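For the sequence shown, the numbering used here gives the first residue as 4, with consecutive numbering after it.
Virtual Cβ for every residue (Gly too), placed ideally from N, Cα, C.
Since this is a predicted model, take the numbers as computed values, not measurements.
Read the structure below first, then the notes.
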Amino acid sequence: MKKISVAFSALMLFALLSVPDPALSHMGEKHGGEMTHHQEHACPHCQAGMEVLHESMRKLNSLGEEIYNSIISGQYGFLAKPAGEIVTISEKLKATKPHIRLSRIGEYRENALLLKEKGENLLNFLESKDFPEIGKAYGDLLAVCVRCHSLFRDFRGKAAGNTRHYEESSFSISDEGHFSVEALIPAEDLRQEKGYVDFVIHDENDEDLTGGIVRAYLWKVHEGEKGEECAVRELGGGRYRVELNRLPATHVGIFLTIRKPAEIRAEDVVDTVVVDVGAVTPSSEK
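Structure below.
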């Protein structure tokens, strides 16, 4: 009876992640098709990181199914290998970054550490042959995945109905979902001495944000940290230009704080977003 209850619990939790993964198919379309100018100028390190992320997600899905099948059939001796692989994958995930909510990359990395911890717990219960705890440990693993997906894969927020207005833009939803942001990256390279990126911002009703209070900062992509502030100029029609000076010769992002002034008897709407704008070309290169 214990074996059945453990397996049933695992089945219920596994059902949360066993459906076809729309994010993985979306990622494949976005990164497997014709490259945009933005993708062409992404640094090799970041492109490699995305490949690691996508492959890790596919592998975790496969390992989860393997563990589930072993638990449901009572073949606990087959669990050690996939559980060990999950621990190994969690180490790799710490060096990757999510597609959305880059400003919360610290939580993303904490999730990777938690995945490792839960995988190690599963291995420990396997070693002690504590079968009821094995099922619970597997459930804990899935709970970590569900939390990470809800924050960094499936989140759309209040701006879910917003649409892309420019075919070649890099489209983002702000961290709490109040705004959609399209980055229009110039056709020419971003160079160290000077550059700019335009952002088209729409509110949760998909209307142009006019008269918004927008502040911009350089974002250190690899470190996950905010850098110096950049000048911002409103161009009209919901379009804001971020002037970039003295760019480091590395991969950069832009951290935006967006404020929509309140109407009468209402509070300002404030949100943040980090947009990855690509690699910077050294000034010496022509």
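For a cut-off of 8 Å, the C-beta gap from tyrosine 220 to glycine 230 is around 6 Å, short enough to register as a contact. Take the alpha-carbon of alanine 115 and the one of aspartate 279: they are about 21 Å apart. Taking C-alpha positions only, leucine 82 is separated from glutamate 58 by approximately 21 Å.
For lysine 197, the uninterrupted beta strand (DSSP E) run begins and ends at 197 to 205, by DSSP. Along the length of the stretch 79 to 146, whole alpha helix (DSSP H) runs at least 4 residues long occupy 83 to 96, 108 to 131, reported in chain order. Classified as buried, lysine 100 has 16 or more neighbouring CB atoms from the shown chains inside 10 Å of its CB. Taking a cut-off of 8 Å for Cβ pairs, the stretch 141 to 151 and the stretch 234 to 248 do not touch, as fewer than three such pairs fall below it. In this structure, the alpha-carbon of valine 217 lies about 57 Å from that of lysine 132. Within the same chain, Tyr220, Trp222, Lys229, Val277 come within 6 Å of phenylalanine 258 by CB-CB distance, once the 5 residues on both sides are set aside. Contact check for proline 85 against glutamate 69 passes: the beta carbons are separated by less than 7 Å. Of the candidates Glu110, Leu117, Tyr71, Leu117 places its Cα closest to the Cα of valine 90. Setting aside the 5 residues that flank it on each side, valine 147 is surrounded in the same chain by Asn114, Leu117, Leu118, Lys121, each with a C-beta closer than 8 Å to its C-beta; the list follows chain order. Under the 10 Å beta carbon count, alanine 269 is surrounded by fewer than 16 other beta carbons and is classified as exposed.
Per DSSP, leucine 212 lies in no beta strand (DSSP E) and is assigned neither H nor E. Rounded to whole angstroms, the separation of the alpha carbons of arginine 150 and glutamate 207 is 24 Å. Annotation: glutamate 185 to asparagine 127 spans about 47 Å, alpha carbon to alpha carbon.
For histidine 254, the enclosing beta strand (DSSP E) starts and ends at 254 to 263. Secondary structure note for alanine 186: its beta strand (DSSP E) is the uninterrupted segment 183 to 187. With a contact defined as Cβ atoms closer than 8 Å, aspartate 271 and histidine 181 miss out at about 10 Å.
The continuous beta strand (DSSP E) containing phenylalanine 174 extends over residues 173 to 176.
Non-local C-beta neighbours of glycine 109 in its own chain, meaning closer than 8 Å and more than five positions away in sequence, comprise Gly227, ordered along the chain. The secondary-structure analysis by DSSP pairs leucine 221 across a beta bridge with Ile257. 7 Å or more divides the Cβ of glutamate 88 from the Cβ of leucine 56. Per DSSP, the unbroken beta strand (DSSP E) holding arginine 236 starts and ends at 228 to 239.
Cβ atoms of glycine 281 and leucine 247 stay farther apart than 8 Å, at about 12 Å.
Linking leucine 105 to leucine 250 through their CA atoms gives a straight-line distance of about 20 Å. For arginine 244, the enclosing beta strand (DSSP E) starts and ends at 242 to 248.
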